[in-house]
Every structure is written in C-alpha cells, then in structure tokens.
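Residue numbers (the numbering used here): 35 to 290. Here the structure is laid out as structure tokens; the discussion comes afterwards.
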C-alpha cells in the first residue's frame with residue numbers, strides 16, 4: 035500500500051489493523067557520468083514499494099534529499115545539513131506514530147544517511163514513541179554483492195549501476211561506463227587517502243576526479259535483478275520479524 039495513493043478512510047482501515055510502515059530514503063547527488071543523480075532514492079523507493087506490494091505493509095513517499103555535502107563539488111548535488119535532516123526525519127516519523135504506527139523501517143540507499151537514521155531511531159526509542167531501524171539493501175546481501183563484482187565500489191560502482199540498469203535502464207548512460215571506470219578509482223584504498231589509520235579525505239572529490247569508484251563495466255541488468263530479488267526477500271523477512279515482536283520487547287531495557 036502506497037500512502038500517497040490512498041484516501042484517508044482507506045488509510046484509517048490500515049492503521050486500525052497494522053502498525054508497521056516502510057519509509058524510503060536516499061539522496062540526490064552525483065553518481066558519475068553514467069548514472070542519474072537520483073540513483074539512491076530511486077533504489078530505495080524501488081525496494082520499499084516492491085516489498086509493500088508483496089506484504090501489504092504501508093510505504094510512505096520517498097525522502098529524496100539526504101546528507102550529501104561530501105559530493106558538493108559536482109554539479110546538481112543537493113543536500114541538507116545533518117542536524118536538519120535528523121530533525122526532519124524525526125518529525126515526520128512522529129507523524130506516523132500519531133496515526134498509530136509503532137514500528138518503522140527506514141529503507142535507505144545512501145551511506146551518508148546511515149548514522150543519522152540510527153540517531154533518529156535512538157531518540158524515538160528512548161522516548162518509547164516507536165521503534166525505527168535503518169535497512170541498507172547491499173548490507174542485507176553482502177556475499178552476493180561481493181561475489182558479483184571484482185571491484186564493486188562504494189559509490190557509483192557496478193552494484194549501483196546494475197541496480198539502476200534493472201530498475202530504470204532508460205536513465206543509464208551505457209556509453210559512459212568505460213569512462214566512468216577509467217576516470218574514477220577502483221577503491222578508496224587505491225586512492226591512497228587513508229594514512230596511518232586515519233581517513234584524510236572528506237569529500238568524494240578528494241578520492242576520485244569523476245566522483246565514482248569501482249569497475250562500472252562489470253554491471254549488467256541481470257546482476258541487478260538478482261540482487262534486487264535477493265535483497266527484497268531479506269526486507270520481507272525483516273518486515274515479518276518486526277511485525278511479530280511485542281512492542282514492549284522493542285523498548286529500552288530497565289536499568290540494572
């Protein structure tokens with residue numbers, strides 16, 4: 035069920051019977067010369083809406099702009115400051131609690147959002163408003179991702195390329211895959227910006243001239259479909275597990 039498509043009486047019926055919601059979040063930021071700036075939020079929305087269709091759980095509209103100042107040097111990247119992002123996400127998640135939702139899965143596809151979503155989840159759990167957890171698609175299927183690509187790259191690499199080739203092939207510039215690979219770096223290690231145990235880089239531009247890492251030519255829509263199916267299954271299982279938990283088991287434990 036997609037919230038924005040429903041009438042308020044239909045949603046009232048959902049809230050009377052169910053207590054779980056999926057919230058897709060991503061970013062609008064550079065993903066190299068071959069992928070759209072909406073890559074992350076398109077992936078997040080793809081998973082959230084697919085799993086909502088499979089399970090019947092509620093999917094909210096997508097949060098398209100996240101914490102992305104580390105991509106600011108590249109044209110079109112949009113971002114919000116981290117405290118603003120946390121407060122915004124917390125505020126609209128409290129809206130869901132007002133309607134009766136007491137457990138939320140942040141279906142996230144942008145690494146820059148992870149720590150902030152965890153912080154929001156902690157705030158809401160500590161106050162016993164609701165229980166919110168962050169889910170990242172590639173973290174749910176790490177072995178498959180690693181086995182699928184020699185250099186999967188943490189940003190704009192073949193795993194994201196394959197996912198967009200599967201979900202939105204019309205948005206991929208397939209004629210730029212080689213230039214993406216040749217103009218980027220294979221990995222952060224190859225960029226040589228980790229010194230003596232310290233990460234000396236702050237922005238993507240400190241590591242790579244074109245903003246991406248990995249070997250994009252290793253991506254195919256077939257690999258994207260395989261990862262999408264496998265990760266969707268993991269998200270379905272997470273929804274079912276979370277729905278089964280008594281709410282009191284999700285709240286903070288008492289002081290010893």
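For every residue, glycine included, the Cβ atom is placed at its ideal position computed from N, Cα and C. For clarity, every value in this text was computed on a predicted model and none was experimentally measured.
- prompt: For the putative contact between residue 232 and residue 146, defined by C-beta atoms under 8 Å, what is the C-beta separation to the nearest angstrom?
  reply: The residue labelled residue 232 in the question sits at position 198 within the chain shown. The residue labelled residue 146 in the question sits at position 112 within the chain shown. Residue 232 to residue 146, Cβ: 20 Å. No contact.
- prompt: Taking three-plus beta-carbon pairs below 8 Å as touching, is the segment 246-262 in contact with the segment 188-204?
  reply: yes
query: If you draw a straight line from the C-alpha of residue 183 to the C-alpha of residue 288, how long is it?
result: Here residue 183 corresponds to residue number 149 of the chain shown, with the count starting at 1. Here residue 288 corresponds to residue number 254 of the chain shown, with the count starting at 1. If I take the Cα positions, the gap works out to 45 Å.
message: Spatial neighbours of residue 220 within its chain, please: C-beta separation below 8 Å, excluding the five flanking residues on both sides.
response: For this step, residue 220 is matched to residue 186 along the chain shown. Around residue 220: 185, 187, 247, 248, 249.
- prompt: Along the chain, which unbroken stretches of the beta strand (DSSP E) at least 3 residues long are found entirely within the segment 96-178?
  reply: 137-142, 165-170
- request: Below 8 Å CB to CB, which residues in the same chain sit around residue 152 once its five sequence neighbours on both sides are set aside?
  value: The residue given as residue 152 occupies position 118 in the chain shown. Excluding positions up to five away in sequence, the list reads 168.
query: Rounded C-beta distance between residue 96 and residue 58? I'm assuming under 8 Å.
result: In the chain shown, counting from the first residue as 1, residue 96 sits at position 62. In the chain shown, counting from the first residue as 1, residue 58 sits at position 24. Confirmed, Cβ separation roughly 4 Å.
task: Specify, as a first and last residue, the run of the beta strand (DSSP E) that residue 55 falls within.
output: In the chain shown, the residue the question calls residue 55 occupies position 21. Element bounds for residue 55: 54-59.
query: Excluding five sequence neighbours on each side, which residues of the same chain lie with their C-beta closer than 8 Å to the C-beta of residue 178?
result: Locating residue 178 in the chain shown gives position 144, counting from the first residue. 260, 261, 264, listed in sequence order.
- prompt: For the candidate residues 207, 101, 102, 160, whose alpha-carbon lies nearest to that of residue 68?
  reply: By 1-based counting over the chain shown, the position of residue 68 is 34. Nearest option by C-alpha distance: 207.
message: Measuring only the C-alpha atoms, how far is residue 64 from residue 198?
response: Against the chain shown, residue 64 aligns to sequence position 30. Against the chain shown, residue 198 aligns to sequence position 164. The alpha-carbon atoms of residue 64 and residue 198 are separated by roughly 14 Å.
query: Can residue 99 and residue 114 be called in contact, C-beta distance under 8 Å?
result: Translated into the one-based positions of the chain shown, residue 99 becomes position 65. Translated into the one-based positions of the chain shown, residue 114 becomes position 80. Yes. Within cutoff.
Backbone CA spacing between residue 200 and residue 36 [nearest angstrom]: For the purposes of this step, residue 200 is taken as the residue at position 166 of the chain shown. For the purposes of this step, residue 36 is taken as the residue at position 2 of the chain shown. Straight-line Cα distance between these residues: approximately 21 Å.
field: Endpoints, alpha helix (DSSP H) assigned at residue 265
entry: Taking the first residue of the chain shown as 1, we reach residue 265 at position 231. Its alpha helix (DSSP H) spans residues 255-278.
field: Proximity of residue 81 and residue 141 at Cβ, strictly below 8 Å
entry: Taking the first residue of the chain shown as 1, we reach residue 81 at position 47. Taking the first residue of the chain shown as 1, we reach residue 141 at position 107. The answer is yes: Cβ separation under 8 Å.
Cβ neighbours of residue 242 in the same chain (closer than 6 Å, five flanking residues each side left out): Within the chain shown, residue 242 is the residue found at index 208, counting from 1. Cβ within range, chain order: 218, 219.
- prompt: Where does residue 48 fall in DSSP's three states?
  reply: Reading the chain shown from its first residue, position 14 is the one you call residue 48. DSSP places residue 48 in helix when its eight states are reduced to three.
message: Which residue wins for smallest C-alpha separation from residue 116, given the options 85, 148, 135, 133?
response: The sequence position of residue 116 within the chain shown is 82, counting from 1. Residue 116 has its Cα closest to that of 148, out of 85, 148, 135, 133.
task: Name the one or two DSSP bridge partners that residue 91 has.
output: Locating residue 91 in the chain shown gives position 57, where the first residue counts as 1. Residue 91 pairs with nothing; no bridge assigned.
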